[in-house]
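Set out below in structure tokens:
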């Protein structure tokens with residue numbers, strides 16, 4: 034027989050059942066309605082539901098069939114008007130036969146399961162239970178694991194596959210106490226202080242993630258009120274049920290689950306709840322850190338952050354579960370920030386307040402992520418599938434009490450055992466020292482820039498004088514090069530005289546001659562000879578002054594000999610000038626031969642300078 038797809042809804046008077054049975058024959062349909070039982074049969078489909086409330090067959094029932102869509106729609110009256118049927122979206126629980134609701138022998142049918150009796154008892158969630166005597170020995174020697182510690186020996190058959198999912202080695206021979214010690218040691222070794230401090234001080238991405246609004250904060254009731262949903266424990270089950278809806282894929286998965294019964298004592302039941310909180314915390318962190326977009330690392334994040342899934346850990350209190358989760362947040366994921374752990378705790382409180390429908394939706398999402406990941410799908414068989422089936426039978430009142438207890442649990446950085454406060458203080462001291470160094474460098478740079486500004490201003494004040502000397506410097510360089518080309522010794526060719534000793538008088542000479550030949554010169558007062566002679570000054574006086582300057586330089590004998598040779602060569606060139614008839618054809622050569630200065634070794638040296646006005650005077654002097 035095939036179990037068809039179905040959906041249930043309700044109003045104040047009727048329960049509506051929609052059944053998908055394509056290609057069915059309407060004349061072969063059989064219905065059975067009595068109390069909490071509803072049965073539908075049409076070949077080859079069979080549907081049997083055990084409802085949370087009673088229905089009646091009093092003539093008000095209605096049924097219709099859409100041939101094109103292959104959908105039967107059946108409306109059945111409620112026995113009690115305005116009664117709310119809780120758990121109509123818990124499809125796996127609805128498919129369970131009536132007799133399976135009791136976990137005890139059938140001869141002792143109390144009309145209520147053992148789980149329901151346990152759920153009515155109140156737990157002290159905040160007090161850690163410490164087993165004593167023989168019970169402690171049994172628990173410490175027990176190596177079982179899985180949902181409610183109902184599994185053992187699984188890793189002997191699947192050691193290779195599960196070793197890629199859990200961090201615990203040889204779990205079938207490891208006691209719960211040994212698991213915890215190994216988990217704590219692994220977390221201590223994995224904690225990276227540099228990574229933690231980087232996320233602490235560079236928290237732009239963290240702040241963005243803290244503002245993210247996951248689906249449980251955007252429920253219909255939250256949108257209506259225009260603020261985040263805060264459902265109080267006294268809110269009705271109807272209000273909680275309206276906050277969460279399931280997709281078609283999720284409903285299909287619920288129909289595929291096989292109904293199971295779980296016989297749990299009080300201690301095991303409490304460990305199931307605390308492990309549920311641990312798994313939900315890991316899921317809430319994953320949704321917030323990825324902003325709801327699952328990826329290839331989503332399965333790794335969930336099982337790595339949950340000590341229940343990664344180390345087969347069992348917790349005896351909510352405080353243990355929260356501390357374990359917070360420690361793992363600071364050790365394994367990409368974003369390692371304590372505020373993200375606290376935000377995940379707030380998210381789980383809200384999920385529990387929304388009721389078992391919200392918890393089931395989260396478990397179905399985890400189931401899908403693990404189902405699509407190899408080999409994480411094995412964790413579904415150990416934990417998630419059983420949680421999906423078990424949660425459908427849990428009272429929402431119990432989850433509301435668990436949410437309130439979780440809200441009251443406080444965890445601080447000192448509870449995590451990584452010496453976070455001392456680490457942060459040291460980092461703040463280092464940061465303060467770096468800031469002081471940077472401020473010192475900034476002050477030195479500002480003072481340096483101010484001094485440079487002062488120098489620039491002083492240079493600017495003397496810029497006019499320096500610019501006035503530019504043309505004189507150019508004439509100085511030209512005269513120096515002219516002198517070198519005509520035979521004066523250069524620096525480096527002889528040990529007798531340096532560049533400065535030779536070029537200094539020549540520069541002064543050039544400056545004086547330029548001033549003498551250029552009546553109306555722009556810079557007559559910038560020459561090194563003092564007050565430059567004007568155009569009317571006597572050339573003989575100029576020559577005598579220049580001779581005095583050269584005598585003060587103190588040329589050595591070798592330099593004087595070189596100067597004498599250059600003087601003789603220049604006299605020879607002057608006496609062997611071409612005839613006047615050829616002068617017009619060699620203007621450049623004549624000019625070059627007559628436009629140099631000679632230094633004579635004699636006290637009163639004769640200087641021959643060719644010029645447009647005083648050429649004849651210089652010739653007579655010679």
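Residue numbers (this note's numbering): 34 to 655.
C-beta: ideal position from N, C-alpha, C; glycine also.
Owing to the predicted nature of the structure, the values given are computational and were not obtained by experimental measurement.
- The stretch 442-459 and the stretch 313-327 do not touch, with fewer than three beta-carbon pairs separated by less than 8 Å.
- In the structure shown, residue 199 adopts coil according to DSSP, grouped into three states.
- Per DSSP, residue 89 is not a residue of any beta strand (DSSP E), being assigned neither H nor E.
- Beyond the five residues adjoining it in sequence on each side, residue 42 comes within less than 6 Å, by CB distance, of 49 in the same chain, given in chain order.
- Here residue 60 is exposed: its Cβ has fewer than 16 other Cβ atoms, across all protein chains shown, within 10 Å.
- The straight-line gap separating the alpha-carbon atoms of residue 443 and residue 371 is approximately 13 Å.
- When the beta-carbon positions are compared, residue 369 and residue 338 stay at least 8 Å from each other.
- Boundaries of the beta strand (DSSP E) harbouring residue 43: 38-43, taken from the DSSP string.
- In the structure shown, the three-state DSSP call for residue 114 is coil.
- Two segments are said to touch when three or more pairs of C-beta atoms, one from each, lie closer than 8 Å; by this definition the stretch 293-312 touches the stretch 348-361.
- When Cβ pairs closer than 8 Å are counted between the two stretches, the stretch 422-441 is seen to touch the stretch 284-298, the count reaching three or more.
- In terms of Cα proximity to residue 438, the closest of 123, 282, 385 is 385.
- By the C-beta density criterion, residue 120 is buried, having at least 16 other C-beta atoms within 10 angstroms.
- Ranking 302, 363, 471, 467 by CA distance to the CA of residue 349 puts 302 first.
- Along the stretch 407-474, the alpha helix (DSSP H) occurs as fully enclosed runs of 4 or more residues at 418-423, 429-441, listed in sequence order.
- For residue 349, no beta strand (DSSP E) encloses it, and the DSSP letter there is neither H nor E.
- Here DSSP, grouped into helix, strand and coil, assigns residue 184 to strand.
- Nearest Cα to residue 343 within the set 367, 222, 315, 320: 315.
- Close CB contacts of residue 396 within its chain, under the 7 Å cut and outside five residues either way in sequence, are with 417, 420, 421, 424 (chain order).
- For residue 392, there is no enclosing beta strand (DSSP E); the residue is part of the alpha helix (DSSP H) that begins and ends at 389-404.
- A direct Cα-Cα distance of roughly 15 Å separates residue 427 from residue 180.
- Distance check between residue 221 and each of 189, 359, 112, 84 places 359 closest, using alpha-carbon atoms only.
- A straight line joining the alpha-carbon of residue 373 with that of residue 251 spans about 19 Å.
- Shown here, residue 316 sits in a helix according to DSSP, grouped into three states.
- Excluding its 5 nearest sequence neighbours in each direction, residue 380 has C-beta neighbours in its own chain below 6 Å: 317, listed in chain order.
- In the three-state DSSP reduction, residue 97 falls in the strand class (E or B).
- Straight-line measurement puts the Cα of residue 110 at about 7 Å from the Cα of residue 93.
- For residue 65, there is no enclosing alpha helix (DSSP H); the enclosing beta strand (DSSP E) has its first and last residue at 63-75.
- In the three-state scheme derived from DSSP, where H, G and I count as helix and E and B as strand, residue 125 is classed as helix.
- Annotated three-state conformation of residue 306 is helix, per DSSP.
- Here residue 56 carries a coil assignment [DSSP, helix/strand/coil].
- Counting along the chain, residue 363 sits inside no alpha helix (DSSP H), nor does DSSP assign it H or E at all.
- Of all alpha-carbon atoms in 69, 112, 104, the one lying nearest the alpha-carbon of residue 126 is that of 69.
- Distance from the Cα of residue 62 is smallest, within the candidate group 56, 76, 55, 71, for 76.
- Using a Cβ distance threshold of 8 Å, residue 429 and residue 332 do not count as a contacting pair.
- Secondary structure at residue 295: coil, using DSSP grouped into helix, strand and coil.
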